[in-house]
Structures are given as structure tokens and as C-alpha cells.
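K.L.:
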Amino acid sequence: MAIVVNMPRLSDTMEEGTVAKWLKSVGDKIQEGDILAEIETDKATMEFESFNEGTLLHIGIQEGDTAPVDSLLAIIGDEGEDISALLGGSTAAREEKSSEAEVVTEDTAEEAHGGGEIPEGVEIVKMPRLSDTMEEGTVATWLKKVGDDVEEGDILAEIETDKATMEFESFYNGKLLYIGIQEGESSLVDAVLAVIGPEGTDVDAVLNNKSGGSKKSAATETKKEDKKSDDTSDTKEASISVADGERIFASPLAKKIAADKGIDLAKVSGSGDHGRITKKDIENYTPSAAAASAPAATASVKADNAIAAQPVSMAMPSGEEGTEEVKNSNMRKAIAKALGNSKFNAPHFYLTIEVDMDNAKESRAQINSLPDTKVSFNDMILKACAMALRKHPQVNTSWSAETTKYHKHIHMGVAVAVDEGLVVPVIKHADLLGLTQIGSAVKDLAGKARNKKIAPSEMEGSTFTVSNLGMFGILEFTSIINQPNSAILSVGAIVEKPVVKNGEIVVGNTMKLTLACDHRTVDGAVGAQFLQTLRYFVENPVTMLA
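Going by the working numbering, the sequence shown opens with residue 12, and the numbers climb by one from there.
1. For Ser-387, I'd like the list of residues in its chain whose CB is within less than 7 Å of its CB, leaving aside the five on either flank, ordered along the chain.
2. Would you give the residue range spanned by the alpha helix (DSSP H) that Ala-536 belongs to?
3. Leaving aside the five residues before and after Leu-545 along the sequence, list all residues of the same chain whose C-beta is less than 6 Å from its C-beta, in chain order.
4. Rounding to the nearest angstrom, what Cα-Cα distance links Asp-390 and Gln-42 in this structure?
5. Going by the CB atoms, is the gap between Leu-526 and Phe-541 shorter than 8 Å?
6. Assess, as a yes-or-no matter, whether the segment 400-414 is touched by the segment 456-468 under the definition of 3 or more beta carbon pairs within less than 8 Å.
7. Where DSSP assigns a beta bridge to Cys-528, which residues make up the other side?
8. Which of helix, strand or coil does DSSP assign to Ser-353?
9. Can you check whether the CB of Leu-204 is closer than 8 Å to the CB of Gly-191?
10. Under a three-way DSSP split, which group does Thr-447 fall into?
11. Alpha carbon to alpha carbon, what distance is there between Arg-375 and Val-517?
12. By Cβ distance below 6 Å, which residues in the same chain neighbour His-422 in space, the five residues on each side in sequence not counted?
13. Taking the straight line between their C-alpha atoms, what separation do you get for Val-429 and Glu-131?
14. Quick one, are the C-beta atoms of Leu-67 and Ile-94 less than 8 Å apart?
15. Can you tell me the Cα-Cα spacing of Ser-197 and Ala-261, whole angstroms?
16. With burial defined as no fewer than 16 other Cβ atoms inside 10 Å of the residue's Cβ, what is the status of Lys-238: buried or exposed?
17. Between which residues of its own chain and Glu-121 is the CB-CB distance below 6 Å, once the five residues before and five after are set aside?
18. Tell me the DSSP secondary structure of Asn-479 in three-state form.
19. Output needed for Ile-274: all residues of its chain with C-beta closer than 7 Å, excluding positions within five of it in sequence on either side, in chain order.
20. Kindly give me the distance between the Cβ atoms of Val-435 and Met-470, rounded to whole angstroms, as I take these residues to be in contact under 8 Å.
21. Excluding five sequence neighbours on each side, which residues of the same chain lie with their C-beta closer than 7 Å to the C-beta of Ile-346?
22. Note down the Cα distance separating Glu-487 from Gly-445, rounded to an integer number of angstroms.
23. I need the boundaries of the alpha helix (DSSP H) containing Ile-378, first residue and last residue.
24. Between the C-alpha atoms of Gly-424 and Glu-373, what's the straight-line distance to the nearest angstrom?
25. On a CA-only basis, which of Gly-38, Ala-48, Gly-71 is nearest Ser-61? Give me that one, please.
26. Taking the alpha-carbon positions, what's the Ala-31 to Arg-20 distance?
27. My output table needs one value for Ile-293: the three-state DSSP class, helix, strand or coil.
28. Nearest to Lys-385 by alpha carbon, out of Lys-454, Asn-341, Ser-353?
29. Can you tell which of Asp-81, Leu-34, Gln-73 has its C-alpha closest to the C-alpha of Glu-26?
30. Helix or strand or just coil, what does DSSP make of Glu-147?
31. Going by other Cβ atoms of all chains shown within 10 Å of its Cβ, with 16 needed for buried, is Leu-381 buried or exposed?
32. Within a Cβ cutoff of 7 Å, which residues of the same chain sit near Glu-51, ignoring the five residues on either side of it in sequence?
33. Which term fits Val-206, buried or exposed, when burial requires 16 or more other beta carbons within 10 angstroms of its beta carbon?
34. Rounded to whole angstroms, what's the CA-CA distance from Val-16 to Glu-146? Just pull it up for me.
35. Here's a check: name, in chain order, each residue in its chain whose Cβ is nearer than 6 Å to the Cβ of Asp-1, leaving out the five neighbours to either side.
36. Could you check whether Ile-288 and Ala-277 sit closer than 8 Å to each other, using their CB atoms as the reference points?
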């Protein structure tokens, strides 16, 4: 599926950009991380890399041309893909965005003049838009605190988007004078994130100018609250600082795991950039024997004292009631919104079958006996689904108000559990891949998802989804359809139990598969026929190898 790449906003004040040089040409193959072009902003000329893979199908802004932020820069997709619909709507979209940008610019100018000018050398840093779908961001960690010197290129904070947690660097030099969004707080894109400038700058005056002349008392009150937050933040930072007072650099995930395991970050050596402590460093950390034995000895003494102090007659236990509120992450909000819309808008119905897995177990054992080969039951289910979809195109569809889209390609979504929820990486053209290729793709994408390294393009375009909880011992369950798909398959555990074969009761291996269907596109008979075909492929794995 073609992906539109818009002119990025590479600095806080950037309103338009000039393409200084294209490093790729139409028809070139693009890999994630490739440098597409050099773009000149109001600050500098910067390299712009691709977050997507495919073929460069169209260049919307030629070398030397200037265009507003969000203008059509390029289109990346499959070779030979029809992009006429995207190009047809691009001109009107650009004109509309251009007119909107003019209105916003005028309004912003009026606000700025209404409150006076910002002093020279002072920069207001706004919440950046770090992905195309980002509407708000959460500050996961501040790597600088008020009063710190900041140089261009320094990492200011780690910001959580709806896709991943990303580092945000400074484009300015000066002192960090003000923090507008505290750790754990969320705010819309373009909200005031921080103020950077010379020491001694009147921050209240800067913020008043920015807001178009708000009341002094309100600004003063805000500053007091921010000071309290800063004091609290400083206290928290002190608890994870080394002896010489320097800040410990660690990823949010590493901090969380360390807190859960009771590991002192000051004793962990970081292997990341600039000594940053990563998840891997925490998982590989081994405390010294003395340090490990001290807490155990203390706990033993406390336990002995507690036993000695107990009265002979035991009283009824009186526990304390408590509730902890945890702020919903952007990922959690996105999951809730998508699944809520699917459950309440798409009429779900469910079909369940029980599949004989004896042949599948034998075939998998034979395949995995080959050198450097590893195939899971989940890989076999994915391949079987892809082949069954080819025979039942009605299931490989998407519903819209006016039409039903029949997809000629088969892209399999694979539900993967991560720390903060659920993501669905996509295996493209799964029907054309072998079992080992599917296995490698699933392993690679699942690893990226769990490490928050997966690109948005790797989670887009699915036409059917598989969710497997069998590895957790779940025998049977139903899933919510991953729209715009028309169906999702829920895979249960393989169970050894008595079964009837050839009129005799023998020990067999079975697995339950449940298909959730959108009744707007898939009728009961169509879903049943799909499951019959799926059963045939799973129970006869040799058919998937032909």
C-alpha cells in the first residue's frame, strides 16, 4: 500500500522547507533509514531519512523548490502500484493546507504582537510531532533540568508518542530556563515544552508574550507550581544519581525494570550511547554476593522478631485498603479507541472448530530436524490462513460505507503483546512466503515491537489478523476484529486428550480455532467454508509445502 511522505517539520519554527538535494530517484528501492533528501529549513540544511520501505514512486517537490510543512514530498509503495488517486487529491489538499497555514500564521503573529516580542536569544521549544499520526505526546523522562546548560544536539527529553518512545534533541544553545510539561504528563503537539535562553531571562515575561498577554498573577502561580514540580523532580533525580552528583542516563524501560527488581541504577554500567543504561544492561546485571545477602539477612531478622512478638491468641488480620492510579499511555489510549470502535461498530459473530494436530506435530518435528530450521505452530497457522484466504476472497475484504474492498494481496497481521499493550506487525504477501520465511519475519517484527523499534509502516496494511494465546495455556477465546479487516482468528492451546479415530478411542492432539467475523462482509456460510479449508491445510501440512 502506497505511503504518502509529507514535508517534515525539522525545527520548532519551521513553516516551510526547501529541497536542497534528492539522494534518491523515482524507481529506486528504499529501505528504512535511507536518506531520501537534504532539506533546508530556517535553521540549517538537514538530512531527512525514510521511515518506510518500498519503491520511490513519486517526487512531489523538486530540487530547489520550497513548500509548506505537510506538503506532498514523495510517495513510497510497491513497484508498479497505481497512485493516481493519491496524486489527484494532492493539489487540493496542498491548497487547503496552505490556506490553513496562512490563517494559523496570521493568528500566531497577532498573538505574538499582542503580548510583545520575545527577547533575543530566547527560544520557546514546543511539543514536537514525532510521527505522522501523533496528536499528543507524553514526557517519559527529562534528561535536562532547569538551570542546566544545553547545547545544540543535546537530548532534552524522551517523549512517548502513540507508536514508541523517542529521544528529542535541542536545536538551540543556552540554559534550560523553564519546563512546561513534567515527566508523566501529556500535552497536545505545539504546546510549550520548554524555554531555552540566556541565564537571568524573565521567563514570566516570555510566557506572557507567548500567550498574548495573560495575567501576571496566573503566570506567577504557574511558576510556583512548576517550581514545586521541579523540586520534586530534583528529589527523584537525586535518588538515581551517582556519588559525584552526575545524572544517570537510562531508558524509561530500563528504569521500570530496575525499579521492579530493586536494582540500584548507580551500580549498573550502561552499554548505550554516552553510557546510557538499556533494558539489556538491567537484564544482564548480577549484584555482588554481599549485596544480595544483606537484604536477605535483614529480612530474616525482621521475620524472627515478628514471630517472637506475635501474641499467643491470633487476632483477625486488618489490612489496609489502597488504590493506585496509573496514567494511561498513548498506546493504551490508541488501543482502547480502535478496539472500542471495532466492537461497537462492527457486528461480530463467532465460529469455532476443533482441529486434529497429530500430523502437524509430526511434520513440525521433521521440519525442525533440518539444520538451521525453526518453525512454530503459529507459523503453520499463518501459512494455512494465507492459503485459505486465497480460496475465499470474501474473507480478505474491508467494509466502507459505499463499497466493499476485495484485496488482491494477502497481508497477515500478527498480534504481539508488549509491555504497554498490544501491537500488530504485518507480514506482507504471506501467501507467497514459505514456512521458514514466515517464521523469520514474525521473529524479526515481534522483536522490534517489544523493543519499540518497529516502524509505523511495519504495522500498516493488514487484511487479516491472527491472535495466538495457546502458549499461555488458553484453550479457547474470542478476539475483537482488527479493523479494517473483516475477520480475526483466535488460536488456542494444543491439548492431548481421548479422541475417536476409525471407531476407536485413542489419544490424540487437538486445537480449537475461533473465527470472529464482521457480518457486514462475511456471512455465516462463508466463514464456515473458510474454516473448513483452513482445517484441511492444518491437518495436512504437506499441502502447505507443495
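Cβ atoms here follow ideal geometry from the backbone N, Cα and C, with glycine treated the same way.
P.N.:
In this structure, then:
1. Position 376 of the sequence shown, counting from 1, holds the residue named residue 387. Hits under 7 Å: Gly-450.
2. The residue labelled residue 536 in the question sits at position 525 within the sequence shown. Segment 535-550, the alpha helix (DSSP H) holding Ala-536.
3. As a first step, residue 545 is located in the sequence shown; it is residue number 534 there, counting from the start. Ala-395, Ala-399.
4. To locate residue 390, count along the sequence shown from 1; it is residue 379. To locate residue 42, count along the sequence shown from 1; it is residue 31. Between Asp-390 and Gln-42, the C-alpha separation is close to 25 Å.
5. In the sequence shown, residue 541 corresponds to position 530, counting from 1. In the sequence shown, residue 526 corresponds to position 515, counting from 1. Yes, the Cβ-Cβ distance between Phe-541 and Leu-526 is below 8 Å.
6. no
7. Here residue 528 corresponds to residue number 517 of the sequence shown, with the count starting at 1. Per DSSP, the beta bridge partners of Cys-528 are Phe-360, Ala-498.
8. Reading the sequence shown from its first residue, position 342 is the one you call residue 353. Helix, per DSSP.
9. Here the question's residue 191 lines up with position 180 in the sequence shown. Here the question's residue 204 lines up with position 193 in the sequence shown. Going by C-beta atoms, Gly-191 is nearer than 8 Å to Leu-204.
10. Against the sequence shown, residue 447 aligns to sequence position 436. Here Thr-447 sits in helix by DSSP.
11. Taking the sequence shown and counting its residues from 1, the one referred to as residue 517 is at position 506. Taking the sequence shown and counting its residues from 1, the one referred to as residue 375 is at position 364. Distance between the alpha carbons of Val-517 and Arg-375 is about 21 Å.
12. Numbered from 1 along the sequence shown, position 411 holds the residue referred to as residue 422. Closer than 6 Å at the Cβ level, and outside the excluded window around His-422, lie Val-437, Lys-439, Gly-472, Ser-473, Thr-474.
13. Taking the sequence shown and counting its residues from 1, one reaches residue 429 at position 418. Taking the sequence shown and counting its residues from 1, one reaches residue 131 at position 120. One C-alpha to the other measures close to 45 Å.
14. As a first step, residue 67 is located in the sequence shown; it is residue number 56 there, counting from the start. As a first step, residue 94 is located in the sequence shown; it is residue number 83 there, counting from the start. No, Cβ-Cβ distance for Leu-67 and Ile-94 is not below 8 Å.
15. To locate residue 197, count along the sequence shown from 1; it is residue 186. To locate residue 261, count along the sequence shown from 1; it is residue 250. For Ser-197 and Ala-261, the distance between alpha carbons rounds to 21 Å.
16. Residue numbering aside, residue 238 sits at position 227 when the sequence shown is read from its first letter. Reliability fails at Lys-238, whose pLDDT of 44 lies under 50, so the model's placement of it is uncertain and the value that follows must be treated cautiously. Per the 10 Å Cβ criterion, exposed.
17. For the purposes of this step, residue 121 is identified with residue 110 of the sequence shown, where counting begins at 1. For Glu-121, the predicted structure reports a pLDDT of 43, less than 50, and the residue's modelled location is therefore unreliable. A value from the coordinates is still provided. Result list for Glu-121: empty, nothing under 6 Å.
18. Translated into positions along the sequence shown, residue 479 becomes position 468. Strand, per DSSP.
19. One-based indexing of the sequence shown puts residue 274 at position 263. Hits under 7 Å: Ile-293, Tyr-296.
20. To locate residue 435, count along the sequence shown from 1; it is residue 424. To locate residue 470, count along the sequence shown from 1; it is residue 459. With 8 Å as the limit, Val-435 and Met-470 qualify as a contact, their Cβ atoms being about 6 Å apart.
21. Within the sequence shown, the letter at position 335 stands for residue 346. Within the same chain, Ile-346 has close Cβ partners Gly-432, Leu-433.
22. Counting from 1 along the sequence shown, the entry for residue 487 is found at position 476. Counting from 1 along the sequence shown, the entry for residue 445 is found at position 434. About 27 Å.
23. Position 367 of the sequence shown holds residue 378. Following the DSSP letters along the chain, one finds Ile-378 inside the alpha helix (DSSP H) bounded by residues 369-379.
24. Position 413 of the sequence shown, counted from the start, is the residue given in the question as residue 424. Position 362 of the sequence shown, counted from the start, is the residue given in the question as residue 373. Gly-424 and Glu-373: Cα-Cα distance of roughly 27 Å.
25. Within the sequence shown, numbered from 1, the residue matching residue 61 stands at position 50. For Ser-61, the closest alpha carbon among the candidates Gly-38, Ala-48, Gly-71 is that of Ala-48.
26. For the purposes of this step, residue 31 is taken as the residue at position 20 of the sequence shown. For the purposes of this step, residue 20 is taken as the residue at position 9 of the sequence shown. Spanning the two alpha carbons is a distance of roughly 15 Å.
27. Residue mapping note: residue 293 aligns to position 282 of the sequence shown, counting from 1. Reduced to three states, the DSSP call for Ile-293 is helix.
28. The residue labelled residue 385 in the question sits at position 374 within the sequence shown. With distances taken between Cα atoms, Lys-385 lies closest to Lys-454.
29. In the sequence shown, counting from the first residue as 1, residue 26 sits at position 15. Ranking the options by Cα distance to Glu-26, first place goes to Asp-81.
30. To locate residue 147, count along the sequence shown from 1; it is residue 136. Annotated three-state conformation of Glu-147 is strand, per DSSP.
31. Residue numbering aside, residue 381 sits at position 370 when the sequence shown is read from its first letter. Leu-381 should be labelled exposed.
32. Residue 51 sits at position 40 when you count from the first residue of the sequence shown. Excluding sequence neighbours, Glu-51 sits near Gly-28, Thr-29, Ala-31.
33. Within the sequence shown, the letter at position 195 stands for residue 206. So Val-206 counts as buried.
34. On the sequence shown, residue 16 is found 5 positions in, with the first residue counted as 1. On the sequence shown, residue 146 is found 135 positions in, with the first residue counted as 1. For Val-16 and Glu-146, the distance between alpha carbons rounds to 17 Å.
35. Outside the modelled stretch of the chain, which goes from 12 to 557, sits residue 1, for which no answer is possible.
36. For the purposes of this step, residue 277 is taken as residue 266 along the sequence shown, with counting starting at 1. For the purposes of this step, residue 288 is taken as residue 277 along the sequence shown, with counting starting at 1. Going by C-beta atoms, Ala-277 is not nearer than 8 Å to Ile-288.
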